[in-house]
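Peer 1: One structure, pasted below without further comment.
Chains as they are written, first to last, in the numbering used here: chain A, 1 to 652; chain B, 1001 to 1166.
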């Protein structure tokens, strides 16, 4: 047993190499089968996919084991762990830095491949072979990248350190345990839609069946992305200690771009499945969605964000991943250019129809993604050309997103209420007039109810959200003929859409309120001091010390007082992590559905005084609650029974 | 021209113009919202007009941090090794703000030459140097070296070997 532990890193690396071998076989053998029309060769796609995933999982578990047993001879473990680190953080430290998160990335790709292998019984074998072969190609690229440039099992021998450098304290948190894996599941999951699109292009079978197969997979990836982005925002909010929840940081943008395009893809797939239209566009979106996932990986992992020059001086990783990106995007677009002209979309639709609204919606989403792309890459290009360093202010992204979101929401309401193929403006106006009226009243009255200042932006945001909900509910009312009992019979897909759209409205309300009505104050406070912010008083009652497992903190106790009564005690902390000698702010937050009270500590000043940041953030939770609704909506849509038809029915 | 075609051409023209205007507006708005990074040397040389929002940064000079007696005001100087700029900030400083650490501040230069910061950033990693600051330090270092070389050009070559590598 002891001997085994001694060779753990080698076992992990060996498993990774075996996974690479499996991945290569997964690429070559099934494709050979497709080429020669030999079913038995195509049949190998599934076992190789399972084998590859098995070795990847072994590799990941071995790395986790190296962390748990504190094997500091492994350079990656030594850099990101410490014997005092609580065990759950030792495990999450596996994806705490570059090497391990890449291993997680490929392992998830392996798991998605297995899922496709196991859940594709209704799919013709040659399609399974193509899809898994394409996913195998991506896998080969990334396992090679991991082994060549970022081996997590590399050893520090013979002079292994006795103690590790510890995980960045910022990452010692529940948020880091769940956020990266969820986000990666989303990124990597888009490879399935990508592989399906390319497989369909290769075979020339871009039809309703292809769209029907792709939809649940795309939805699954989209759910993970949605939840992953929301988790990231939530984590940044409570962990960074100053109450911001979205910074338009390149790393965040990298996750938002694929989400926007994946959202467009979901809707375009719906049109392709139902009406046989937009086929080329759908394929293009599938390619772009995954390419943006890869671009995100490149941005975050190549070091190009830290400095274009650092990237140029140590280009190994960056160039490798840029090459992967180039091959992937270039190759798929080449295939698209060769095959897309042969794809004909049949069926016609009038100018006023659901098809048109969905198309416009798609355009808005793509424009949003392009705006994010521009704002993210502009500083890099500027720097690369030697013009100097600059940053694009958050204000610009907001200027772009506010009007686009309003247009998007208006189109969402109209799209859901309109008919396929042919509709008329008078009819549409008739069914949505009430919703528009409700929205306007809601927008104008709500600021008075919450006693906020009457602002144009708030009215616009609330009006948009109100319209979306009212139009959606009006549509349910009409479809169910006003009978509650009929609602479940409208179909899971439809109900999923309803839930997701209401989720968007909830997020819009949250963002609107918290952006415009938040109040905050930074003050110097000593024990006994009372500060007033909005309806609340904050009383600094005492300060003291708290001992944690691998940190000590100075803490302050606050009474939060409303109408003369103490409603909550809050204890913000300033933690000192000894291993890295670093300081972390631990905010204290009192949460209700309608407001967050956020207290965080600044620096110690003389005579026991502290700089304190006090904030009241109305409707903060709604921002993330909306994402939960969207994800649940996606989940419902995946459960729709038409995705569970048997082979015979699917082909009929 | 066929009336159908004429109609289509007009539509395309309209779309091209609309897209052009939209892109133009977006890029104009972008140009209004970028914050250039300026080194302490550039600021000391008077390259930055007062009132323009820029990002400035460098290493916080040891012993330069002075807090106001009341409130949360703080004044400190940053350097790129060649020039120093005083920065004033009112509010909570980030956890990793300390003397000797690289920081980046967003704000404007006032007429007295003090940089009035609305935001001070220090990344959450003690080994991390903001890339702008790294760059500024290197630039200032190279400038200094070039001056030394100019001064020594008549004498023996004391600088690092040119082209000889390391």
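Using N, Cα and C, we set each Cβ at its ideal position, and we do this for glycine too.
1) Please state whether DSSP places residue 606/A in a helix, a strand or coil.
2) Looking at residue 186/A: is its Cβ nearer than 8 Å to the Cβ of residue 221/A?
3) Tell me whether residue 179/A sits in a helix, a strand or coil according to DSSP, three-state version.
4) Please list the residues of the region 1026-1057 of chain B that have a C-beta atom closer than 7 Å to any C-beta atom in chain A, keeping them in chain order.
5) With DSSP run on the structure shown, which of helix, strand or coil describes residue 1159/B?
6) Using a Cβ-Cβ distance cut-off of 8 Å, determine whether residue 1116/B contacts chain A.
7) Would you say residue 1071/B faces chain A, with C-beta separation under 8 Å as the test?
8) Beta carbons nearer than 9 Å to chain B: which residues of the region 505-527 of chain A have them?
9) Thinking residue 109/A and residue 188/A are a contact (beta carbons under 8 Å), I'd like their distance in whole angstroms, please.
10) Could you name each continuous alpha helix (DSSP H) segment of 4 residues or more that falls completely within the region 435-490 of chain A, going from the start of the chain to the end?
11) If I follow the unbroken beta strand (DSSP E) through residue 569/A, where does it start and stop?
12) Can you check which of these residues, 33/A, 66/A, 571/A and 603/A, is closest to residue 12/A by C-alpha distance?
13) Suppose you measure from the CA of residue 26/A to the CA of residue 635/A; what does that come to, to the nearest Å?
14) When the cut-off is 8 Å and only beta carbons count, does residue 571/A lie next to chain B?
15) Have a look at 280/A, 163/A, 559/A and 117/A and flag the residue whose alpha-carbon is nearest the alpha-carbon of residue 336/A.
16) Taking 8 Å as the CB-CB cut-off, is residue 1126/B touching chain A?
17) In whole angstroms, what is the alpha-carbon distance linking residue 427/A and residue 571/A?
18) Relative to the C-alpha of residue 522/A, which candidate in 624/A, 616/A, 577/A and 569/A has its C-alpha closest?
19) Just curious, the beta strand (DSSP E) that residue 1054/B is in, first and last residue?
20) Go through the region 592-641 of chain A residue by residue and report every complete run of the alpha helix (DSSP H) that reaches 4 residues or more, in order.
21) For my contact list, residue 413/A and residue 432/A are in at a C-beta cut-off of 8 Å; report their separation, rounded to the angstrom.
22) Mapping the DSSP letters down to three states, classify residue 1102/B as helix, strand or coil.
23) Using beta-carbon positions only, say whether residue 343/A and residue 291/A come within less than 8 Å of one another.
24) Scan the region 1026-1099 of chain B and note each continuous alpha helix (DSSP H) run of 4 residues or more that stays entirely inside, going in chain order.
25) Are the region 347-354 of chain A and the region 1005-1016 of chain B touching by the rule of at least three beta carbon pairs closer than 8 Å?
26) Roughly how far, in whole angstroms, is the beta-carbon of residue 62/A from the beta-carbon of residue 8/A, given that I think they are within contact range, below 8 Å?
27) Taking the straight line between their C-alpha atoms, what separation do you get for residue 550/A and residue 584/A?
28) How many angstroms separate the CA atom of residue 1002/B from the CA atom of residue 371/A?
29) Quick one: list the residues of chain B neighbouring residue 378/A, beta-carbon separation under 8 Å, in chain order.
30) Roughly how many angstroms separate the alpha carbons of residue 144/A and residue 135/A, rounded to a whole number?
31) Mind pulling the beta strand (DSSP E) runs of 3 or more residues that sit fully within the region 494-558 of chain A?
32) Report the neighbours of residue 603/A on chain B: residues whose CB is nearer than 7 Å to its CB, in chain order.
33) Rounding to the nearest angstrom, what Cα-Cα distance links residue 629/A and residue 503/A in this structure?
34) Could you tell me which uninterrupted alpha helix (DSSP H) segments, each at least 4 residues in length, are contained entirely in the region 75-120 of chain A, listed from first to last along the chain?
35) Which residues, in order along the region 444-476 of chain A, keep a beta-carbon less than 9 Å from a beta-carbon of chain B?
36) Looking at chain B, which residues of the region 384-412 of chain A have a Cβ within less than 8 Å of any of its Cβ atoms?
Peer 2: Let's see:
1) If DSSP states are grouped into helix, strand and coil, residue 606/A belongs with the helices.
2) Here residue 186/A is near residue 221/A, since their CB atoms are less than 8 Å apart.
3) Three-state DSSP puts residue 179/A in a helix.
4) Along the region 1026-1057 of chain B, going in chain order, the ones with a CB nearer than 7 Å to a CB of chain A are 1026, 1029, 1030, 1033, 1034, 1035, 1036, 1037 and 1055.
5) Residue confidence for residue 1159/B is low, a pLDDT of 31 falling below 50, so the modelled location carries little weight and cannot support an answer.
6) No - not a single Cβ of chain A is within 8 Å of the one on residue 1116/B.
7) Yes, residue 1071/B lies at the interface with chain A (some Cβ there is under 8 Å from its Cβ).
8) Along the region 505-527 of chain A, going in chain order, the ones with a CB nearer than 9 Å to a CB of chain B are 522, 523 and 524.
9) About 5 Å separates the CB atoms of residue 109/A and residue 188/A; that is less than 8 Å, so the two are in contact.
10) Counting only runs of 4 or more, we get 456-479.
11) For residue 569/A, the uninterrupted beta strand (DSSP E) run begins and ends at 565-570, by DSSP.
12) Minimum Cα distance to residue 12/A is reached at 66/A.
13) Residue 26/A and residue 635/A have their C-alpha atoms some 30 Å from each other.
14) Not an interface residue.
15) Relative to the Cα of residue 336/A, the nearest Cα in the group 280/A, 163/A, 559/A and 117/A belongs to 280/A.
16) With a pLDDT of only 49 at residue 1126/B, under the threshold of 50, the placement of this residue in the model should not be trusted; the figure read from the coordinates follows. Yes, residue 1126/B counts as interfacial toward chain A.
17) Going by the C-alpha atoms only, they are around 57 Å apart.
18) Comparing Cα-Cα distances from residue 522/A to each of 624/A, 616/A, 577/A and 569/A, the minimum goes to 616/A.
19) Run containing residue 1054/B: 1053-1060, per the beta strand (DSSP E) assignment.
20) Qualifying alpha helix (DSSP H) stretches, in chain order: 620-638.
21) Confirmed, about 6 Å.
22) Note: residue 1102/B maps to strand in three-state DSSP.
23) Taking the C-beta atoms as reference points, residue 291/A is found no nearer than 8 Å to residue 343/A.
24) The qualifying runs are 1040-1044.
25) No: the two stretches stay apart, fewer than three of their Cβ pairs being nearer than 8 Å.
26) The C-beta separation of residue 62/A from residue 8/A comes to about 6 Å, placing the pair in contact by the 8 Å criterion.
27) Across the structure, residue 550/A and residue 584/A are spaced so that their CA atoms are roughly 12 Å apart.
28) Rounded to the nearest angstrom, the two C-alpha atoms are 38 Å apart.
29) By Cβ distance, chain B contributes 1030 and 1034.
30) In this structure, the alpha-carbon of residue 144/A lies about 14 Å from that of residue 135/A.
31) If only uninterrupted beta strand (DSSP E) runs of at least 3 residues are considered, those enclosed by the region 494-558 of chain A are 519-525, 530-533 and 536-547.
32) The contacting residues are 1093.
33) Near 5 Å, if we compare the C-alpha coordinates of residue 503/A and residue 629/A.
34) Within the region 75-120 of chain A, the complete alpha helix (DSSP H) runs of at least 4 residues are 75-80, 87-92 and 98-118.
35) When CB distances to chain B are screened at a threshold of 9 Å, not a single residue of the region 444-476 of chain A falls below it.
36) Against chain B - using a Cβ distance shorter than 8 Å - the residues of the region 384-412 of chain A are 388, 389, 390, 391, 392, 393, 395, 396, 399 and 400.
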